[in-house]
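In structure tokens, the structure reads:
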């Protein structure tokens with residue numbers, strides 16, 4: 002079983018930056034695809050970014066060019082660097098790990114973009 006713990010959320014002004022981290026327990030972290038989702042109040046959870054075990058990345062159109070996902074397999078950690086933040090980026094951000102049919106979720110971290 003894998004446990005995921007997100008950190009790095011908080012309050013930031015529009016145009017600012019934050020880096021989210023997701024630390025995974027357990028072995029075989031490098032085999033998992035890692036993803037970041039977010040859920041704003043009253044909205045469905047949406048995929049923000051993903052990174053495969055091989056390092057290939059993909060992004061939602063709304064964050065392309067502003068967010069960067071990366072992973073450090075030596076630290077069992079995935080990151081989401083967020084720049085040029087907008088109020089519409091406000092949401093709870095969740096880390097997700099996937100390997101075949103196995104999926105784990107973190108508890109989420111709040112990101113609020115407001116002046």
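Residue numbers (my numbering): 2 to 116.
We put the CB at the ideal spot given by N, CA and C, even for glycine.
Owing to the predicted nature of the structure, the values given are computational and were not obtained by experimental measurement.
- Counting along the chain, residue 89 sits inside no beta strand (DSSP E), nor does DSSP assign it H or E at all.
- Between the alpha carbons of residue 101 and residue 107 lies a distance of about 18 Å.
- Per the DSSP secondary-structure output, residue 97 pairs in a beta bridge with 36, 106.
- When the five nearest sequence neighbours on each side are left out, the beta carbons in the same chain lying within less than 7 Å of the beta carbon of residue 5 are those of 23, 25, 96, 98, 105, 106, 107, in order along the chain.
- Going by beta carbons, residue 84 and residue 18 fall inside the 7 Å limit.
- Of the candidates 80, 103, 116, 87, the residue whose Cα lies closest to the Cα of residue 110 is 80.
- Beta bridge pairing from DSSP links residue 4 with no other residue.
- Exclusion of the five residues before and after residue 46 leaves 38, 40 as the residues of its chain whose Cβ lies within less than 6 Å of its Cβ.
- Per DSSP, the beta-bridge partners of residue 25 are 5.
- The beta carbon of residue 9 sits closer than 7 Å to the beta carbons of 19, 20, 21, 22, 110 from its chain, once the five residues preceding and following it are set aside; these are given in chain order.
- With fewer than 16 other Cβ atoms from the protein chains shown falling within 10 Å of its own Cβ, residue 59 counts as exposed.
- Your pair residue 49 and residue 27 does not check out as a contact, with CB atoms roughly 23 Å apart and the cut at 8 Å.
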